[in-house]
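Chains as they are written, first to last, in my numbering: chain A, 1 to 58; chain B, 1 to 139. Ideal placement from N, C-alpha and C gives every residue a C-beta, glycine not left out. The next block holds one structure in the form of structure tokens; read it before the comments.
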Amino acid sequence: MTLNHFQTLMLFALAVSLAFAFLSKHTMREQLRYAVWSFLGFLVVAIGIGWLMYPFSR
Amino acid sequence: METEPAATTAERLNPLLAVVAAAAAWLVPGLGHLLLRRWIKALVYFLAVASLAVTGLLMRGNIFHSNGADAFEMLGYAADIGSGVFYFLAERIGAAGPDVSHAAGDYGTRLIATAGVLNILCVLEAFEIGLRRRERGGS
């Protein structure tokens with residue numbers, strides 16, 4: 001089984017966001033909101049860091 | 001939504017239940033919460049830990065053992081063993097064995113470690129719920 005870097009990142013972000021949401025929030029609404037924001041945060045930060053590192057890859 | 005019955009702090013503490021729930025949660029992710037009747041949490045934690053651990057093993061990630069040569073390997077062992085049953089079944093799930101000569105294997109190693117650390121957090125929560133220290137019931 002092979003996932004590329006982005007697919008692995010998506011899986012990591014999804015699993016960790018869900019677990020953190022249920023660990024830290026109490027109501028379903030709070031958990032859902034936290035999970036979505038956390039997931040998007042992981043993606044945005046990872047893509048942002050990727051872009052920042054791009055000039056150094058050449 | 002599950003709610004906890006009103007009781008005094010002294011009546012709510014249950015160390016035996018906490019230890020049993022924590023041990024179950026470590027051995028099988030989500031099982032501790034299942035024993036504590038936190039159905040949704042049990043399902044979410046199992047799916048989160050299982051998806052990370054199984055994917056990591058199928059990507060041929062490396063599993064660290066207790067006889068690690070350096071601090072990094074010992075830290076890896078401490079993280080990996082957190083995933084309980086997935087650590088013990090690692091050789092069956094990832095029958096092809098570890099291969100970190102490719103990027104996928106390296107990603108797999110990180111996913112396995114993440115699964116273990118995530119489950120350790122779930123174990124701590126199961127212990128806490130078992131002690132009935134939580135003021136509010138969760139889902």
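ask   = DSSP on B:Glu135, reduced to helix/strand/coil?
value = In this predicted model, B:Glu135 has a pLDDT of only 45, less than 50, meaning its place in the structure is not dependable enough to derive any value.
query = Between A:Phe39 and chain B, is there a C-beta pair that is closer than 8 Å?
reply = Between A:Phe39 and chain B, the shortest Cβ-Cβ separation is not below 8 Å.
key: Secondary structure of B:Pro15, DSSP reduced to three states   = DSSP places B:Pro15 in helix when its eight states are reduced to three.
query = Nearest chain A C-beta to B:Val44 closer than 8 Å, yes or no?
reply = Interface with chain A (8 Å Cβ-Cβ cutoff): B:Val44 is included.
ask   = Should A:Thr27 go down as buried or exposed, given a rule of 16 or more other Cβ atoms within 10 Å for buried?
value = Here A:Thr27 is exposed: its Cβ has fewer than 16 other Cβ atoms, across all protein chains shown, within 10 Å.
request  = For the alpha helix (DSSP H) holding B:Gly94, just list the boundary residues, first then last.
outcome  = Looking at the DSSP string, B:Gly94 is not in any alpha helix (DSSP H), and its letter there is neither H nor E.
query = Can you find a CB in chain B that lies within less than 8 Å of the CB of A:Ala15?
reply = So, interface residue.
Below-8 Å beta-carbon distance, A:Ala46 vs any chain B residue = So no, A:Ala46 is outside the interface.
message = Going by beta-carbon coordinates alone, are B:Asn67 and B:Val100 separated by less than 8 Å?
response = Against a cut-off of 8 Å, the Cβ pair of B:Val100 and B:Asn67 comes out as no contact.
query = Closest by CA to B:Cys122, which one among B:Tyr45, B:Leu27, B:Pro15?
reply = For B:Cys122, the nearest C-alpha among the options comes from B:Tyr45.
ask   = Relative to the alpha-carbon of B:Leu79, which residue among B:Gly105, B:Leu58, B:Thr109, B:Ile93 has its alpha-carbon at the smallest distance?
value = At residue 79 of chain B the sequence reads Ala, which differs from the Leu that was named. Minimum Cα distance to B:Ala79 is reached at B:Thr109.
request  = With DSSP as the reference, label B:Thr55 as helix, strand or coil.
outcome  = It is helical.
request  = Put A:Pro55 into one of helix, strand or coil per three-state DSSP.
outcome  = DSSP places A:Pro55 in helix when its eight states are reduced to three.
Counted within 10 angstroms of its Cβ, other Cβ atoms place B:Ala18 as buried (16 or more) or exposed = Buried.
query = According to the Cβ coordinates, are B:Tyr87 and B:Ile81 closer than 8 Å?
reply = Cβ distance < 8 Å, so B:Tyr87 and B:Ile81 count as in contact.
message = Residues of chain C with CB closer than 9 Å to the CB of B:Ser83, please, in chain order.
response = Absence of chain C from the displayed structure is noted, the protein chains being A and B.
ask   = Taking all protein chains shown into account, do 16 or more other C-beta atoms lie within 10 angstroms of the C-beta of B:Ala71, making it buried, or fewer, making it exposed?
value = Per the 10 Å Cβ criterion, exposed.
task = Would you mind giving the Cβ-Cβ distance between B:Glu76 and B:Phe64, rounded to the nearest angstrom? I have them listed as a contact below 8 Å.
result = For the record, residue 76 of chain B in the displayed sequence is Gly; it is not Glu. About 3 Å separates the two Cβ atoms, so the contact holds.
key: chain A within 8 Å of B:Tyr87, Cβ atoms only   = No - not a single Cβ of chain A is within 8 Å of the one on B:Tyr87.
request  = Verify the contact flag: A:Phe22, CB atom, against every heavy atom of the ligand MG, threshold strictly below 7 Å.
outcome  = This structure does not include the ligand MG; it has no bound ligands of any sort.
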